[in-house]
Amino acid sequence: MYFLAYVAANCRTALAALPAVDGDRIGIVGHSYGGKWAMFAACFNQKFACGVWSDPGIVFDEKRANVNYWEPWYLGFVPNQNRKPGLLTVENPRTGAYKTLVEEKHDLTEVLALMAPRPFLVSGGSEDTAERWQPLNRVREVYRLLGRTQAVGMTLRPKHDPTEESNEQLYGFFECFLKPKKG
């Protein structure tokens, strides 16, 4: 995941170098796998002004097959070990950094807190439902400590795939936080 964040940071740097681009007003967005990528990129790189992640799974949730941070292409990689893709079982246990993070009681709220005080929006669907407000409220506590109260948001839709409405909501978020202010 950090490698993908590094790739996104390099793309941001290249974009910021263009004469027509204001490097202080670059946000990032991604959906599902790309949402995980965008989330890690924005949280680990302070140069992204804001971020939107669309239904990536913002917490470790081992009951949800699509919140699959345990997979080797995310946080479960172990050299020379092949874990069968799919939900965790006794025969197919946690591996890699994911195993260590869970055993040490870490979660993605710690990553999300790195975004503070910059704004972000979770465009929730089937994986990031209304119950995700509980961990987001923990992240909002960090924002409050930094004096920022209107920077963490969440929208909801019933299914995983983005809709016209959810896309309009994320466009509005970017306009709110990236568009130059008049006067």
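For the sequence shown, my numbering begins at 2 and goes up steadily by one.
A virtual CB, placed ideally from N, CA and C, is assigned to each residue, including glycine.
Inset, instruction - Excluding the 5 residues preceding and the 5 following S127 in the sequence, name in chain order all residues of the same chain whose CB lies nearer than 7 Å to its CB. - result: Taken in chain order, the residues that qualify are D56, K160 and H161.
Legend entry - Cβ pair count under 8 Å reaching 3, the segment 81 to 94 against the segment 24 to 44: Here the segment 81 to 94 does not lie against the segment 24 to 44, with fewer than 3 beta-carbon pairs under 8 Å apart.
Legend entry - Own chain, CB closer than 8 Å to G77, minus 5 neighbours either side, in chain order: Excluding residues within five positions, the ones whose Cβ falls inside 8 Å are Y70, W71, R84, R95, T96, G97, A98, Y99 and K100.
Legend entry - Buried/exposed call for L137, threshold 16 Cβ in 10 Å: It is buried - the Cβ of L137 has at least 16 other Cβ atoms within 10 Å.
Inset, instruction - Please go through the same chain and pick out, in chain order, the residues whose beta-carbon is closer than 6 Å to the beta-carbon of A117, but skip the five residues on each side of it. - result: For A117, where only same-chain residues beyond five positions count, the Cβ hits under 6 Å are V143, Y144 and L147.
Legend entry - Nearest-angstrom Cα separation, counted from P20 out to R139: Rounded to the nearest angstrom, the two C-alpha atoms are 39 Å apart.
Legend entry - Within 9 Å, strictly: CB atoms of G52 and A42: Inclusion of G52 and A42 in the CB contact set at 9 Å is warranted, their separation being smaller than that value.
Legend entry - Cβ-based burial, W38 [other Cβ within 10 Å; buried from 16]: Residue environment analysis places W38 among the buried positions, since at least 16 neighbouring C-beta atoms fall within 10 angstroms of its C-beta.
Legend entry - Beta carbon of R13 nearer than 9 Å to that of F49: At the C-beta level, R13 and F49 come within 9 Å of one another.
Legend entry - For M40, three-class secondary structure by DSSP: It is helical.
Legend entry - Where the alpha helix (DSSP H) through T110 begins and ends: From DSSP, the alpha helix (DSSP H) with T110 extends over T110 to A114.
Inset, instruction - Please name the residue in C177, H107 and D129 whose C-alpha comes closest to that of R158. - result: The residue from C177, H107 and D129 with its alpha-carbon nearest to that of R158 is D129.
Inset, instruction - Using the DSSP secondary-structure output, state which residues sit across from H32 in a beta bridge. - result: DSSP lists S55 as partners of H32.
Inset, instruction - Sort F4, K180 and M155 by Cα distance to Y75 and report the nearest one. - result: With distances taken between CA atoms, Y75 lies nearest to F4 out of F4, K180 and M155.
Inset, instruction - Round the Cβ separation of N46 and A6 to the nearest angstrom and send it over; I've been treating them as touching at under 8 Å. - result: With 8 Å as the limit, N46 and A6 qualify as a contact, their Cβ atoms being about 7 Å apart.
Legend entry - E63 to E176 span [Cα, whole Å]: Cα to Cα, E63 sits roughly 35 Å from E176.
Legend entry - Boundaries (first-last residue) of the alpha helix (DSSP H) holding L16: Counted as a single uninterrupted DSSP element, the alpha helix (DSSP H) harbouring L16 occupies residues Y3 to A17.
Legend entry - Nearest-angstrom Cα separation, counted from A114 out to K106: Rounded to whole angstroms, K106 to A114 spans 16 Å at the Cα level.
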